Amino acid sequence: MADGTDFLYPFIEGNERDAGPLLADLARSAVAKGGVSAGLRAATLERIGGELAAAADAIAESFRRGGRLFTFGNGGSSTDAATLAALFARPPWGHPRAARSLVDDTAVLSALGNDVGFDLVFSRQLIAHAAAGDVALGVSTSGSSRNLLTAFAQARARGLLTVGLAGYDGGEMAESGAVQHCLVVRSDSVHRVQETQAAVGFALWAEIQRRMGERDG
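Residue 113 in numbering that gives the first Met the number 0 sits at position 114 of the sequence shown, with consecutive numbering throughout.
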């Protein structure tokens, strides 16, 4: 094992030579984690079913009125935000919606982070591009990312619909009056939270498609 990477695999001894048992252990670990993830996904979708339906109703109504979707998040959550925007803009079925990921433009992100501070990288973009009736959808594992909370506050002040996906106990997003619909994945594992948030995002998209009368053939 190369120096500097052994911390990634603390269960592998430095003099490991017998690949068979090691691979079997890794396979069992992957299967077990997959089972945990599947269980959390099913439990979460059942628990938040009512809130997910309410969020889908509200977003569908925004789309019917010509509203646009703006998504955002940090780190791994930024990829979920970008995926959601792409799913709405280029759906596998149904009509595309006006959707924009606020994490896609590295020039804008780096300029705002450098010039005005990272806490404002999403809120400033909402000021520039969004209007009353649009949708602001933020994704966070902790639920307490400062730049998301700032963006949600700005969104509500401008009359946007606000939807948050959070992990753990929902963090500050769950307590914020600026987040109208907060879909919480209750887990203390960042990995399991992000896996389940991806499923929640897809479920939300599918519910909106149904409400718009666009079903999978």
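For glycine and all other residues, C-beta sits at the position ideal for the given N, C-alpha and C.
Nothing here was measured: the structure is a model prediction, and the numbers come from that model.
Would you mind stating whether residue i and residue j have Cβ atoms separated by less than 8 Å?
{"i": "alanine 88", "j": "alanine 98", "result": "yes"}
{"i": "alanine 150", "j": "phenylalanine 121", "result": "yes"}
{"i": "leucine 136", "j": "threonine 195", "result": "no"}
{"i": "histidine 180", "j": "alanine 29", "result": "no"}
Under a Cβ-count criterion, where at least 16 other Cβ atoms within 10 Å of its own Cβ denotes burial, should residue i be classed as buried or exposed?
{"i": "tryptophan 92", "result": "exposed"}
{"i": "glycine 116", "result": "exposed"}
Just the Cα atoms here: how many angstroms apart are residue i and residue j?
{"i": "alanine 127", "j": "leucine 182", "result": "27 Å"}
{"i": "phenylalanine 62", "j": "valine 138", "result": "20 Å"}
{"i": "asparagine 146", "j": "aspartate 114", "result": "15 Å"}
{"i": "glutamine 124", "j": "glutamine 153", "result": "10 Å"}
{"i": "glycine 169", "j": "serine 36", "result": "18 Å"}
{"i": "aspartate 17", "j": "aspartate 24", "result": "12 Å"}
{"i": "leucine 111", "j": "threonine 105", "result": "10 Å"}
{"i": "valine 189", "j": "glycine 158", "result": "31 Å"}
{"i": "threonine 78", "j": "proline 20", "result": "35 Å"}
{"i": "valine 107", "j": "alanine 26", "result": "42 Å"}
{"i": "glutamate 60", "j": "alanine 131", "result": "13 Å"}
{"i": "valine 184", "j": "proline 90", "result": "24 Å"}
{"i": "valine 199", "j": "serine 109", "result": "29 Å"}
{"i": "glycine 72", "j": "leucine 22", "result": "35 Å"}
{"i": "arginine 209", "j": "valine 192", "result": "26 Å"}
{"i": "alanine 41", "j": "aspartate 118", "result": "34 Å"}
{"i": "glycine 74", "j": "serine 144", "result": "11 Å"}
{"i": "alanine 129", "j": "arginine 67", "result": "8 Å"}
{"i": "isoleucine 207", "j": "alanine 55", "result": "5 Å"}
{"i": "glycine 65", "j": "serine 76", "result": "26 Å"}
{"i": "alanine 85", "j": "glycine 34", "result": "28 Å"}
{"i": "leucine 83", "j": "aspartate 103", "result": "12 Å"}
Rounded to the nearest angstrom, how far is the Cβ of residue i from that of residue j, given a contact under 8 Å?
{"i": "alanine 202", "j": "leucine 39", "result": "Contact doesn't hold; Cβ gap of about 14 Å is too wide."}
{"i": "glutamate 171", "j": "leucine 148", "result": "6 Å"}
{"i": "valine 134", "j": "leucine 160", "result": "5 Å"}
Is the segment 186-205 touching the segment 156-167, taking contact as three or more C-beta pairs under 8 Å?
-> yes
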